[in-house]
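Scroll down for the structure; my scribbles are underneath it.
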Amino acid sequence: MHGNDYRRAAFGDAWTDDNVAPGGHNGCDTRNDVLDRDLLDKTFVAIKRCPNAVATGTLHDPYTNAVVAFTRGNQVGASVQIDHIVPLALAWDLGARDWPQDLRMRFANDPANLLAVDGKVNQDKGDAEPADWMPPNHAFWCQYSVQFAAVLRGYALPIDERSAVVLRDAAATCPTG
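Quick note: the sequence shown uses my numbering, first residue 11, plus one each step.
Shown next as structure tokens:
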């Protein structure tokens with residue numbers, strides 16, 4: 011499905027703090043910034059990449075509506091993963107392959123395109139576009155579609171008609187007024 015030249019590395023160092031996205035150069039890498047933003051009931055620990063990294067916390071996973079306990083540590087932390095709402099490989103296919111490196115790195119670390127989610131559902135999503143995957147939690151479709159479309163707009167990325175229809179239908183579930 012993806013151009014055979016797509017490589018995760020094309021978007022730069024994963025979760026680096028050295029990027030121009032919001033939150034870049036704040037002393038903590040992007041993964042730790044998102045955990046701090048999205049988790050509740052947090053405790054903190056100092057690590058090399060972040061002086062106040064989340065040590066433990068609770069995720070109310072928007073994709074499944076499950077409550078997931080997070081504990082930093084060897085593979086335990088994989089229960090909570092950071093999802094690119096607009097997947098990197100999809101962005102690559104939609105035009106990011108032609109971007110300069112610093113713009114790809116900004117995209118990969120942009121908090122507007124990142125969510126802490128349950129690890130298993132993130133694996134299930136993979137790099138699927140909305141026509142092929144939407145969050146199992148239908149109550150989140152409104153926010154997901156709005157954020158997905160906002161990221162596409164913000165980076166001037168197109169979307170195919172199949173996914174455009176899914177996003178429009180999901181946005182129609184948003185409350186009015």
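For each residue, glycine too, the CB sits at the ideal point set by N, CA and C.
Do you know how far the Cα of P145 is from the Cα of K135?
For the purposes of this step, residue 135 is taken as residue 125 along the sequence shown, with counting starting at 1. For the purposes of this step, residue 145 is taken as residue 135 along the sequence shown, with counting starting at 1. P145 has its alpha-carbon roughly 8 Å from the corresponding atom of K135.
Extent of the continuous beta strand (DSSP E) run through F54:
Looking up residue 54 in the sequence shown gives position 44. Note, F54: beta strand (DSSP E), 50-57.
Which class does V30 belong to by DSSP, given the choice of helix, strand or coil?
What you label residue 30 is simply residue 20 of the sequence shown in a count that begins at 1. It is coil, neither helix nor strand.
On the three-state DSSP scale, how would you describe N42?
Position 32 of the sequence shown holds residue 42. Residue state, collapsed to three classes: helix.
Give the DSSP bridge partners of T66, in chain order.
Looking up residue 66 in the sequence shown gives position 56. The partner list for T66 (beta bridge, DSSP) reads T53, T81.
For H148, the three-state DSSP class (helix, strand or coil):
The count along the sequence shown starts at 1 and reaches residue 148 at position 138. H148: helix per DSSP, three-state reduction.
Quick one: what does DSSP say D71 is sitting in, helix, strand or coil?
Mapped onto the sequence shown, residue 71 falls at position 61. Coil, per DSSP.
Might you give, ordered along the chain, the residues of its own chain that have their beta carbon closer than 6 Å to the beta carbon of N119, omitting 5 neighbours on each side?
To locate residue 119, count along the sequence shown from 1; it is residue 109. Correct list, in chain order: N29, A31, T40.
Segment contact flag, the region 140-158 with the region 108-116, C-beta cutoff 8 Å, min 3 pairs:
Touching, no, given that fewer than three Cβ pairs across the two stretches are closer than 8 Å.
In the DSSP assignment, find the unbroken alpha helix (DSSP H) run with L177 in it and report its ends.
The residue labelled residue 177 in the question sits at position 167 within the sequence shown. Segment 171-181, the alpha helix (DSSP H) holding L177.
Given that a residue counts as buried once 16 or more other Cβ atoms are within 10 Å of its Cβ, and exposed if not, what is N132?
What you label residue 132 is simply residue 122 of the sequence shown in a count that begins at 1. With 16 or more Cβ atoms within 10 Å of its Cβ, N132 is classed as buried.
Of the choices N62, K58, H35, whose alpha-carbon is the least far from that of L45?
Mapped onto the sequence shown, residue 45 falls at position 35. Ranking the options by Cα distance to L45, first place goes to N62.
Applying the criterion that 16 or more other CB atoms from any shown protein chain within 10 Å of the CB defines a buried residue, is V78 buried or exposed?
Counted from its first residue, the sequence shown places residue 78 at position 68. Burial call: buried.
Identify which residue in R163, V55, Q85, A138 has its Cα closest to the Cα of D93.
For the purposes of this step, residue 93 is taken as the residue at position 83 of the sequence shown. The shortest C-alpha separation from D93 is found at A138.
For F21 versus L98, is the C-beta distance shorter than 7 Å?
Numbered from its first residue, the sequence shown carries residue 21 at position 11. Numbered from its first residue, the sequence shown carries residue 98 at position 88. Yes, the pair counts as a contact, with Cβ atoms nearer than the cut-off.
Ends of the alpha helix (DSSP H) at D137?
Translated into the one-based positions of the sequence shown, residue 137 becomes position 127. Unbroken run through D137: none, as it is neither H nor E.
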